[in-house]
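There are 2 protein chains.
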Amino acid sequence: MTTQRDIARTAGVSVAVVSAVLNGTTHTRMSEATRARVLQAMENLDYQPNQAARSLRLNRTGMIALILHKLDNPVYADLLRGVYGAASEHGGTVLLGDAETMRSSSQFVTRLLSQGTVDGILIRDDQLYDDDVMAELRSHPKPILSLDHDQHHPWVGIDDRRAGEIATRFLLNLRHRRIAFIGGAPGHAFQQRYLGYQHEMQQAGLEPAPHLATGFGEQAGADGLRQALQLPAAPTALVVNNIMSAVGVLAAAHDLGIAVPDQLSVVGIHDVALMQHLRPAVTAVRMPMYELGQAGVHALYDLMAGNPHTSGTITTPEPELIIRDSATTLTNT
Amino acid sequence: MTTQRDIARTAGVSVAVVSAVLNGTTHTRMSEATRARVLQAMENLDYQPNQAARSLRLNRTGMIALILHKLDNPVYADLLRGVYGAASEHGGTVLLGDAETMRSSSQFVTRLLSQGTVDGILIRDDQLYDDDVMAELRSHPKPILSLDHDQHHPWVGIDDRRAGEIATRFLLNLRHRRIAFIGGAPGHAFQQRYLGYQHEMQQAGLEPAPHLATGFGEQAGADGLRQALQLPAAPTALVVNNIMSAVGVLAAAHDLGIAVPDQLSVVGIHDVALMQHLRPAVTAVRMPMYELGQAGVHALYDLMAGNPHTSGTITTPEPELIIRDSATTLTNT
DNA sequence: GTTAGGTGACGTATCGTTAATTCACCGTAG
DNA sequence: CTACGGTGAATTAACGATACGTCACCTAAC
Chain A
1 MTTQRDIART AGVSVAVVSA VLNGTTHTRM SEATRARVLQ AMENLDYQPN QAARSLRLNR
61 TGMIALILHK LDNPVYADLL RGVYGAASEH GGTVLLGDAE TMRSSSQFVT RLLSQGTVDG
121 ILIRDDQLYD DDVMAELRSH PKPILSLDHD QHHPWVGIDD RRAGEIATRF LLNLRHRRIA
181 FIGGAPGHAF QQRYLGYQHE MQQAGLEPAP HLATGFGEQA GADGLRQALQ LPAAPTALVV
241 NNIMSAVGVL AAAHDLGIAV PDQLSVVGIH DVALMQHLRP AVTAVRMPMY ELGQAGVHAL
301 YDLMAGNPHT SGTITTPEPE LIIRDSATTL TNT
Chain B
1001 MTTQRDIART AGVSVAVVSA VLNGTTHTRM SEATRARVLQ AMENLDYQPN QAARSLRLNR
1061 TGMIALILHK LDNPVYADLL RGVYGAASEH GGTVLLGDAE TMRSSSQFVT RLLSQGTVDG
1121 ILIRDDQLYD DDVMAELRSH PKPILSLDHD QHHPWVGIDD RRAGEIATRF LLNLRHRRIA
1181 FIGGAPGHAF QQRYLGYQHE MQQAGLEPAP HLATGFGEQA GADGLRQALQ LPAAPTALVV
1241 NNIMSAVGVL AAAHDLGIAV PDQLSVVGIH DVALMQHLRP AVTAVRMPMY ELGQAGVHAL
1301 YDLMAGNPHT SGTITTPEPE LIIRDSATTL TNT
C-alpha cells in the first residue's frame, strides 16, 4: 500500500504538501511545479488514500446507510439506483441493510452509527415505526432521514395521496362505481393512498369502501380480493395498494374464476417491470422512486452539513398512470 | 463519543488495560476486579469502539463487499440472507454493490479494495468475466471469491449441471421427447445447466436441441419461446434457464394462444416466491441460494485468514424440483 | 538478605491523514 | 542596511485503538 509518505519521498516534498495537493487546501501553499511533481508521483505509485485514516482524522466516513424493509421488493430497484447515483455524486458509498437483518443482528443500525461506520442513515421501513429500534435511533446524534411520511424524523416522500387519487379517478372514468381499496396496513404511507381514494370517491358522490388492510405481498392481494368480495356491494374494480399484491389478486381472481379485466378491473399503485409481463398486464401508477432516492440522499447530505431541513413530498414528476390491460370500462351487462 | 481514554479514566486504569479487556488479550494481564471495573465503566458510558481507529490500526475493516449483477433479481433474495447471516456470524458487515453501478461509477470495486474500505469481495456477475474490471480486480492483493464457476478466482458455486438434469429428467418422465432449452448466455454457469440437459437427453437416446441463448429476464423468455417454435421439431416442453424468463415465456405463450401446460410444459431453473403466484404456477428447480451465500462468506473468510482455498460446488442440499402446474404429462393427441 | 519469577498493570510507538503552527528564504521598501 | 511581507514549504500534534516493551511490587526459595 502506498501512503502519502511514499509520495512525499519520491516527490521530494513533505506529507503536508501531498495532503494539500490532494485536498486543495489553501492553507499550505505550493508552486505549480511542486503540485505537478506530487500529482505525477501519485500517478506513478498508484496512490489511493486510506479510508480508515481519513475517517479517523475527519470523523466521518463518507458512507451512508440505506435501510429498506424488504430488499427484494422490486419497487426498490429504482430507488436503489437513485440513491447510489446521488451518493456517488457526493463521493459517498452506500451501505445497504435489510430491516429484517437489522432487527435480528443485535442493534445493527445503532452500531453503524455509534461506531462511526456511517455518517447518516436513510430509512424506508413501513413497519419499524413503533419499534424500540426507532427509539435507539433517535438517541443518536447522526442524521436520520426517512423516505416516508414520518413524524419522528425529517423525511422526504412521494405523493401517495395523489397516487390514490389517480388510480381511483381512472376507474371512475371507466364508469366503475363500486371500487374497493385493498392491501397495506393502517397508519402508514398507505393511509395517504387511501385518503386519496376516499377523496375521489366522495368527489364523485360515492361512499368509499373501508380500507381492507390485508398487508403486503402476494398473499395480501389474494386476501384482499376475498375480503372485497364479502363487501355488502361486491366491487367491480380494485385499487391495490402494494404492487406485489396485484400479482396475488390476479392469481386469486383466476382461481375464483373471475375474469380480469372483464369482471374485475385492477389498478396497482407502484409500477415495476414485472407488471407488463403478467397476463393481463397490470395497469399501475408509476411512482418516482428514482427521484425519491436522489432527493433522499441530497436531503440527507444537507442534514449532515448541518443545514435545517424541511420535510416534504416530491411533486415532480407526478405519479403517472401506466395504462395496460387489467382495467377496462364497466359494461352494464 | 466515548473513547477508551474515557473508560480508562473512570475505571482508574490505563488505556492498555481497556483495550486488553475488550480484546481478551493475554499479553496484558489484569485481576478479575479490574476487568469487572472496566466492563462496568464501558457499560455506564455506553462505549462503542471506533471502527475507523480499529481499521487503521489493524489494517482491516471487518467489511466485505457483495457485488451482484442485478440486485433486483429475486433469486438473490435468499443469497443475501445467507450472506448477511454468515457475515454477522463473523462479526462483519456487508457492503452491497450492483455491478451496473460499479461499472458506471469509476472503478467502484477497485476503490473499495485499494482504499481499504473492504477486506474482501464476494462477486456474482455473469456478465463481468471478460471485462477489464476483472483485470483490475486481479491486480489487487485482497481476496476475491466468485459465487460462480470461475476460472480466474477461487469460487463456490451451486450445482447448475444437476439442475439442468433434474429439470430435463422430470420432463422426460412426463413423456416429453421434444424438449428445448432456452435463455441465458453461452460460456457461463448456464452452460453447465445446458450440459445437464444435454446429458439427460442423450441418456434417453434423444437429440438435444441447441442452446437458445436469448439472454436474461422476461424478454429473454419471450424470445426463447419464439425461437423454440422455429425449431425443426417444435418442442412440447421447455427448460427455462433463468427464472424471470419463465414469466416472459408464460406471457408470450398466452399472447400466441399456446396453453400452458396443456400444449407446452415449462420448467424453470431457480425458484422464487413469485412462481407460486403466477397462473399457471411455475414448476421450478429450487437452488440452494441461501447456502451459497453462507458458504461463500465462510470461504471468503477462510481466504482472508490466509488459508488455501479449494473451489467447488455445493452439493447439499441438492437442487430440488418444486412441482407446480406449468408442466404436465404429454398426451398423444 | 538477596534474587528469581510471577502478577498486575502502565507508557508509548504506530497505523495514514489532516491542519495548525512554524520557518527559511528572497525581494523590496524605508 | 534593516525590517517586513509574501512565498513555499516543513514539523508536528492530533484522531482512537492496539500491542510491544517495561516496570513495580510481592512472594518464596536459596
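These protein sequence lines map, in sequence, to chains A and B.
If you use our numbering, the first sequence closes out at 333, no skipped numbers anywhere.
If you use our numbering, the second sequence closes out at 1333, no skipped numbers anywhere.
Note that CB positions come from ideal geometry on N, CA and C, so glycine has one too.
Inset, instruction - Per DSSP, which residues does I314 of chain A bridge with? Please list them. - result: A:I158.
Legend entry - Paired residues, beta bridge with G211 of chain A - DSSP: This sequence places His at residue 211 of chain A; Gly is not what is there. Beta-bridge pairing links H211 of chain A to A:F181.
Legend entry - Cβ-based burial, I1323 of chain B [other Cβ within 10 Å; buried from 16]: That one is exposed.
Legend entry - Validate contact between the stretch 167–184 of chain A and the stretch 207–219 of chain A using beta carbons, cut 8 Å, 3 pairs: yes
Inset, instruction - Could you check which residue in A:A233, A:G248, A:L278 has the C-alpha nearest to that of D1255 of chain B? - result: Of all alpha-carbon atoms in A:A233, A:G248, A:L278, the one lying nearest the alpha-carbon of D1255 of chain B is that of A:L278.
Legend entry - Neighbour-count burial assignment, S1265 of chain B, 16 or more Cβ in a 10 Å radius: By the neighbour-count definition (other C-beta atoms within 10 Å, threshold 16), S1265 of chain B is a buried residue.
Inset, instruction - Please list the segments of the beta strand (DSSP E) lying wholly inside the stretch 1190–1273 of chain B, counting only runs of 3 or more residues, in order along the chain. - result: Correct list: 1237–1240, 1265–1269.
Legend entry - Amino acids of chain B, ordered along the chain, whose beta-carbon sits closer than 7 Å to that of G248 of chain A: H1277
Inset, instruction - Tell me whether M63 of chain A sits in a helix, a strand or coil according to DSSP, three-state version. - result: strand
Inset, instruction - Output yes or no for whether 8 Å exceeds the beta carbon distance between K142 of chain A and L113 of chain A. - result: yes
Legend entry - Cutoff 6 Å; reference R1161 of chain B; Cβ partners in own chain excluding five residues on either side: Q1192, L1195, G1196
Legend entry - Own chain partners of A204 of chain A with C-beta closer than 7 Å, once the 5 adjacent residues on each side are dropped: If the five residues before and after A204 of chain A are omitted, its C-beta is found closer than 7 Å to the C-beta atoms of L172, all from its own chain and listed in chain order.
Inset, instruction - List the residues of chain B whose Cβ lies closer than 7 Å to the Cβ of R175 of chain A, in chain order. - result: Per Cβ cutoff of 7 Å: no residues; R175 of chain A is ~27 Å from chain B at best.
Legend entry - Cut-off 6 Å between Cβ atoms - residues of its own chain near A1222 of chain B, not counting five sequence neighbours on either side: Cβ neighbours of A1222 of chain B beyond the five flanking positions: G1248, A1252.
Inset, instruction - Quick one: list the residues of chain B neighbouring Y194 of chain A, beta-carbon separation under 7 Å, in chain order. - result: Here the premise fails: no neighbours, minimum Cβ distance about 24 Å.
Inset, instruction - Please classify R1286 of chain B: does DSSP put it in a helix, a strand, or coil? - result: strand
Legend entry - Identified DSSP bridge partners for R1124 of chain B: In the DSSP assignment, R1124 of chain B is bridged to B:L1068.
Legend entry - Test: Q1048 of chain B CB closer than 8 Å to a CB of chain A: yes
Inset, instruction - Give the C-beta separation of L66 of chain A and V83 of chain A to the nearest angstrom, bearing in mind that I take them to be a contact with Cβ-Cβ under 8 Å. - result: 6 Å
Legend entry - 6 Å CB neighbourhood of S1106 of chain B in its chain, flanking five on each side removed: Confidence is the limiting factor: at S1106 of chain B the pLDDT is only 47, short of 50, which leaves the residue's position unreliable, though a coordinate-based value still follows. Answer for S1106 of chain B: no residue qualifies.
Legend entry - Beta carbon of A1052 of chain B nearer than 8 Å to that of T61 of chain A: yes
Inset, instruction - Take every Cβ of the stretch 1005–1019 of chain B, pair it with every Cβ of the stretch 313–322 of chain A, and state whether three or more of those distances are shorter than 8 Å. - result: Here the stretch 1005–1019 of chain B does not lie against the stretch 313–322 of chain A, with fewer than 3 beta-carbon pairs under 8 Å apart.
Inset, instruction - Ignore the nearest five residues each way along the sequence and tell me which others in D1046 of chain B's own chain have a CB closer than 7 Å to its CB. - result: T1002
Legend entry - Under 8 Å by beta carbon: chain A residues contacting R1111 of chain B: Q48
Legend entry - Proximity to S1088 of chain B [Cα-Cα], best of A:R5, A:R111, A:D262: A:R111
Inset, instruction - Consider the Cβ of Y292 of chain A: report whether some Cβ of chain B lies at a distance smaller than 8 Å. - result: In the sequence on display, residue 292 of chain A carries Leu and not Tyr. Not closer than 8 Å to any Cβ of chain B, the Cβ of L292 of chain A fails to qualify, so no.
Legend entry - Status (buried if at least 16 other CB within 10 Å, exposed otherwise) for P186 of chain A: exposed
Inset, instruction - Put G1306 of chain B into one of helix, strand or coil per three-state DSSP. - result: G1306 of chain B: coil per DSSP, three-state reduction.
Inset, instruction - Tell me whether the beta-carbon of L1330 of chain B lies closer than 8 Å to the beta-carbon of R1175 of chain B. - result: In this structure, the beta-carbon distance from L1330 of chain B to R1175 of chain B falls below 8 Å.
Inset, instruction - Look at the Cβ atom of N1307 of chain B, then the Cβ atom of G116 of chain A, and state whether they are nearer than 8 Å. - result: no
Legend entry - Nonlocal neighbours in the same chain, by C-beta distance under 7 Å from H1153 of chain B, ignoring five residues either side: I1144, L1145, S1146
Inset, instruction - Counting only runs of 4+ residues fully inside the stretch 1016–1062 of chain B, write out the alpha helix (DSSP H) ranges in chain order. - result: 1032–1045, 1051–1058
Legend entry - Burial state of A1213 of chain B (16 or more Cβ within 10 Å): Sixteen is the threshold: when 16 or more other Cβ atoms of the shown chains lie within 10 Å of the Cβ of A1213 of chain B, as they do, the residue is buried.
Legend entry - Local Cβ density within 10 Å of Q263 of chain A, reported as buried at 16 or more and exposed below that: Of the other Cβ atoms in all chains shown, fewer than 16 fall within 10 Å of the Cβ of Q263 of chain A; this residue is therefore exposed.
Inset, instruction - With distances taken Cα to Cα, identify the nearest neighbour of A1259 of chain B among B:A1327, B:T1010, B:G1092. - result: A check of alpha carbon separations from A1259 of chain B across B:A1327, B:T1010, B:G1092 identifies B:A1327 as the nearest.
Legend entry - 8 Å contact criterion, which T344 of chain A and I158 of chain A should meet: CB distance rounded: In the structure as shown, chain A starts at 1 and stops at 333, and residue 344 of chain A therefore has no counterpart that could be examined.
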